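What follows is a single structure, written as structure tokens, with notes after it.
Number of protein chains: 2
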Amino acid sequence: MEEGTLESPSKCAVTMDGEDTDPFQWDTREGCQVRQILDRVADKWSLLVIALLDNRRLRFTELRREIDGVSQRMLTVTLRQLERDGLVKRTVHPVVPPRVEYELTPLGGTLHSTIRSLVAWTEAHQGEIAAAREAYDERVGASA
Amino acid sequence: MEEGTLESPSKCAVTMDGEDTDPFQWDTREGCQVRQILDRVADKWSLLVIALLDNRRLRFTELRREIDGVSQRMLTVTLRQLERDGLVKRTVHPVVPPRVEYELTPLGGTLHSTIRSLVAWTEAHQGEIAAAREAYDERVGASA
DNA sequence: CTGGATCCGACATGATACTG
DNA sequence: CAGTATCATGTCGGATCCAG
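As they're listed, the protein sequences go chains S and A. The first sequence begins at 429 in my numbering and counts up by one. The second sequence begins at 429 in my numbering and counts up by one.
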């Protein structure tokens, strides 16, 4: 594997003394799992896969078709990561034309709802953000 | 600006017919703001900055010190993006030693709480994920 | 059909040096 | 202090070819 792999786990928080769990430090713990998991979860393709797999079982090709923008390589990589993290279950049917199905694990299911709330925030405020950007760009453009 | 800039806005969802707003399609809309905003919000440094700025006003150097792992360049870029998106407010005091302070906007505040829930999920399940990874790696290593 | 392995270009990020 | 500009580089992602 060339990417997304963690070489130095350096697990943290899990067995921490409790003093470095400050509300402002949850993210400062760089080598920590949190930071890494967050990156994976927030990943473009991961998000799509998790969303599409909600209460469904899909085959590789089906996923590829639905997502469309994804390359076969990234879909494979993404699915492997999600499988490794225990968020997605991969089932291989030993038949002549290989048939592999993917589905969310219970853990993956809980993540799905959490993600939805983040997406909900985004959808709810994209108008404000767009407006803010326009205003900002105008300000900058004016001074330039 | 060299990065993070959106060349083809191709705004979507905001003014959509309503048929492509399927629960499974919120993320398929690639050119959509949602996808882009999500990337920004989930960004490593953005997350840190937003967390640190919660109910505080910090100077550039202060932020840099607290985050520590960040390069001065990325901090600048990140702050600019957040400012442009209306999530962070930048205040410049025209004094001899330049004094610039950053703080969350109300919008940024709402985002903060949303992010916290995502982080909460991550913290709550990092143990399960770690276990899943170990199991997976063992499985793979065994077959290899 | 479902991927594994490679090659490679694009882009994000970090380090460094310079400025108001 | 608070950046901007430039250069170097590592990583990610896409395209391709190959295999079970």
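Backbone N, C-alpha and C fix where the C-beta goes; we use that ideal spot for every residue, glycine too. Computed from a predicted structure; not experimentally measured.
Residue contact with chain S for Arg492/A: absent (no Cβ-Cβ distance below 8 angstroms to any residue of chain S). Beta-carbon to beta-carbon, Thr542/A and Ser474/S are separated by about 18 angstroms, too far to satisfy the 8 angstroms threshold. Using a Cβ-Cβ cut-off of 8 angstroms, His553/S counts as an interface residue toward chain A, since at least one Cβ of chain A sits closer than that to its own. Residues of chain A with a Cβ closer than 7 angstroms to the Cβ of Glu556/S are, in chain order, Gly514 and Leu535.
When DSSP states are grouped into helix, strand and coil, Leu481/S belongs to the coil group. Under the 8 angstroms criterion on CB atoms, Val462/S is classed as interfacial with respect to chain A.
For Ile465/S and Gly569/S, the gap between their C-alpha atoms comes out near 38 angstroms.
When DSSP states are grouped into helix, strand and coil, Thr550/A belongs to the helix group.
When C-alpha distances from Val516/A are compared across Trp549/A, Leu481/A and Gln461/A, the shortest belongs to Leu481/A.
Rounded to the nearest angstrom, the Cβ distance from Leu486/A to Tyr530/A is 6 angstroms, consistent with a contact under 8 angstroms. The beta carbon of Thr519/A sits no closer than 8 angstroms to any beta carbon of chain S. Here Val524/S is exposed. Its C-beta has fewer than 16 other C-beta atoms within 10 Å. Chain order gives the chain A residues near Arg561/S as Arg512, Asp513 and Gly514, where near means a beta carbon separation below 8 angstroms. Counting only Cβ-Cβ distances below 7 angstroms, Ser545/S has contacts in chain A at Thr542 and Ser545, in chain order. With respect to chain A, the C-beta atom of Leu466/S has a partner C-beta closer than 8 angstroms.
Leu491/A: member of the alpha helix (DSSP H) spanning Phe488 to Ile495, first to last residue.
Residue-level contact by beta carbon fails for Thr489/A and chain S, as no gap is shorter than 8 angstroms.
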